[in-house]
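Engineer:
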Amino acid sequence: AEEIAANEIGIFALEEILTYVEEEARPDHNMHYVIEIKDKGERGKKSMDILYDAMVAHGILNRTIVGTFNGDITNYIDKEYKGKVTRSAGILEVVNFYYSFLWGVKLDVEKLGFRVLQIPTGLNGYFDFSTQAFIDYAHTYGIAVQYWTINDAETVKKLQSNGADCIMTDNPAMAFEALGR
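When you read off a place in the sequence shown, starting at 1, and then add 45, the result is the number in my numbering.
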């Protein structure tokens, strides 16, 4: 791997990234985003407010999925931005959705606050989120299934074959090769 000098590393503000991508890198406005709120509490809520304003200003609301692992931020998004922001499922929502799948429960899509599952392939050996049946169940409800962080070729191939909508990886070259592209 190529060495990068410390003085070549920078941290960019959200506004800088969105301006660059939307105006220079992808002026066709064909870029889709997954943005995660990492903070909880007031800081997380303020982050969500700033993110929402930036999404509106750059016209990317319909191309952005917002995620968080913090239940208070999930609740805040549902309260303040219901119908305006597409969000991924929180941890408890993923587990509940999985049990609904196992038991064959028919869900009311209108009651789900999420449109995307951003998940690992499983959880501590107890849950297998990677099966075609699970993905098909999610797709029945119009829910996209996105996997992270997948860094081996066999799992990339399996997920693609099973119908995954997105595979996030630290190794795009490996995934590109695994998918034969």
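Positions of the beta carbon are idealized from the N, C-alpha and C atoms, including for glycine.
Compare the Cα-Cα distances from I82 to each of T119, A51 and A99 and report the closest residue.
Structural biologist: T119
Engineer: Roughly how far, in whole angstroms, is the beta-carbon of N196 from the beta-carbon of N169, given that I think they are within contact range, below 8 Å?
Structural biologist: N196 to N169, Cβ: 19 Å. No contact.
Engineer: I want to know whether the segment 197-216 touches the segment 147-159 - three or more CB-CB distances under 8 Å.
Structural biologist: no
Engineer: Closer than 6 Å by C-beta to A223: which residues in its own chain qualify, once you throw out the five before and the five after it? Chain order, please.
Structural biologist: The answer, listed in chain order, is A198, V201 and K202.
Engineer: By the DSSP assignment, the alpha helix (DSSP H) with A134 in it spans what residues?
Structural biologist: Careful: A134 lies outside any alpha helix (DSSP H) and carries neither H nor E.
Engineer: Whose CA, out of F114, I164 and T214, lies closest to the CA of G86?
Structural biologist: F114
Engineer: Do the CB positions of F221 and F179 come within less than 8 Å of each other?
Structural biologist: Against a cut-off of 8 Å, the Cβ pair of F179 and F221 comes out as no contact.
Engineer: Just mark L96 as buried or exposed, buried being the case when its beta carbon has 16 or more other beta carbons within 10 Å.
Structural biologist: Buried, by the Cβ-count rule.
Engineer: Assign I56 to one of two classes, buried (16 or more other C-beta atoms within 10 Å of its C-beta) or exposed (fewer than that).
Structural biologist: Taking all protein chains shown into account, I56 has fewer than 16 neighbouring C-beta atoms within 10 Å of its C-beta and is therefore exposed.
Engineer: Could I get the ranges of all uninterrupted alpha helix (DSSP H) runs contained in the segment 84-157, with 4 residues as the minimum, in chain order?
Structural biologist: 86-103, 116-126 and 136-148
Engineer: Apart from the five residues just before and just after Y126, which ones in its own chain have a Cβ nearer than 7 Å to its Cβ?
Structural biologist: Y97
Engineer: Please state whether the Cβ-Cβ distance between G135 and G116 is less than 8 Å.
Structural biologist: For the 8 Å CB-CB criterion, G135 and G116 form a contact.
Engineer: Between which two residues does the alpha helix (DSSP H) harbouring L63 extend?
Structural biologist: L59 to Y65
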